[in-house]
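To keep things clear, I will list the structure first and then write my remarks on it.
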Amino acid sequence: MRSPSQLGIVTVNGGNISALVRDDFAVNQSRVFTLAKGDLLLFSEAGSIDAGRGAKTVVGAPAPVLRLDNQGRLVFDTSGSFSGSGIAVLNAASDLDLYAPAGDINAGEAGIRSKGNAFLAAERVVNAIDIQVGGKVTGGGKVDAAPAAISVPPNIPQAQTSAGPGSGDAADDDRKKRRRRRNLLLEFLGFGSS
Numbered sequence: 001m002r003s004p005s006q007l008g009i010v011t012v013n014g015g016n017i018s019a020l021v022r023d024d025f026a027v028n029q030s031r032v033f034t035l036a037k038g039d040l041l042l043f044s045e046a047g048s049i050d051a052g053r054g055a056k057t058v059v060g061a062p063a064p065v066l067r068l069d070n071q072g073r074l075v076f077d078t079s080g081s082f083s084g085s086g087i088a089v090l091n092a093a094s095d096l097d098l099y100a101p102a103g104d105i106n107a108g109e110a111g112i113r114s115k116g117n118a119f120l121a122a123e124r125v126v127n128a129i130d131i132q133v134g135g136k137v138t139g140g141g142k143v144d145a146a147p148a149a150i151s152v153p154p155n156i157p158q159a160q161t162s163a164g165p166g167s168g169d170a171a172d173d174d175r176k177k178r179r180r181r182r183n184l185l186l187e188f189l190g191f192g193s194s
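Residue numbers (the UniProt record's numbering): 1 to 194.
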């Protein structure tokens with residue numbers, strides 16, 4: 001049996017995580033994390049996305065690796081360490097995309113974190129108090145907690161956290177970029193020959 005720190009889907013050295021499900025995407029007691037550069041995209045066609053009820057204090061770390069630094073000294077590399085459960089993008093240059101057009105996005109007890117931008121689209125956003133975003137938050141859906149519960153850095157004005165009419169050319173470029181990303185083509189080829 002695995003310990004809580006060994007559960008989940010985690011990219012340590014970069015790489016994207018993308019998941020498309022028909023029904024619910026439930027994280028439960030584990031995690032879905034990108035640690036280095038890598039976007040995270042979860043799409044639930046007819047269900048909800050639930051970040052789960054895992055502990056925020058669980059710590060996971062791969063075994064340290066002995067490496068040479070720039071001066072030729074031996075150092076322990078402990079990169080890839082993480083803490084918490086739920087859904088997280090832990091690199092500011094990466095984006096979090098959560099789409100549940102027919103359901104809810106539920107931050108649960110574990111929470112949803114993004115050091116970069118977050119794009120959320122659902123019928124309803126539940127437990128928004130447990131959503132932390134370091135960049136811009138874009139999206140829609142009825143929020144079941146106060147909108148101010150989604151935290152943004154203090155140096156970013158609240159007006160920049162949505163793609164409103166006054167957000168300027170940068171927001172238009174961002175919307176065009178996001179629009180291209182949302183194109184998804186699925187083709188069912190069959191179950192194979194019998």
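All C-beta atoms in this analysis are idealised placements derived from N, C-alpha and C, irrespective of residue type, glycine included. A quick note: this is a predicted structure, and the numbers were derived from the prediction, not measured.
Any idea which residues DSSP pairs residue i with across the strands?
i: residue 87; result: 32 and 112
i: residue 92; result: DSSP output for residue 92 lists no bridge partner at all.
i: residue 59; result: 83
i: residue 44; result: 21
i: residue 67; result: 75
i: residue 98; result: 42 and 120
i: residue 10; result: 33
i: residue 137; result: 118
i: residue 26; result: 50
For residue i and chain D, any beta-carbon pair shorter than 7 Å?
i: residue 108; result: This model lacks chain D altogether, as it is built from one protein chain only.
Flag this pair as yes or no: are the beta carbons of residue i and residue j separated by less than 7 Å?
i: residue 114; j: residue 37; result: no
i: residue 25; j: residue 9; result: no
i: residue 52; j: residue 28; result: yes
i: residue 92; j: residue 134; result: yes
i: residue 97; j: residue 41; result: yes
i: residue 128; j: residue 99; result: no
Report the rounded CA-to-CA distance for residue i versus residue j, giving the unit in angstroms.
i: residue 39; j: residue 75; result: 29 Å
i: residue 112; j: residue 11; result: 16 Å
i: residue 116; j: residue 7; result: 24 Å
i: residue 132; j: residue 13; result: 23 Å
i: residue 30; j: residue 56; result: 10 Å
i: residue 162; j: residue 22; result: Any reading at residue 162 needs caution, since the residue's pLDDT is 45, under 50, leaving its predicted position unreliable; the model's value is listed next. In a straight line, the C-alpha of residue 162 is about 28 Å away from that of residue 22.
i: residue 73; j: residue 15; result: 29 Å
i: residue 137; j: residue 71; result: 41 Å
i: residue 32; j: residue 68; result: 31 Å
Rounded to the nearest angstrom, how far is the Cβ of residue i from that of residue j, given a contact under 8 Å?
i: residue 46; j: residue 102; result: 5 Å
i: residue 54; j: residue 110; result: 4 Å
i: residue 83; j: residue 65; result: About 19 Å; that fails the 8 Å criterion.
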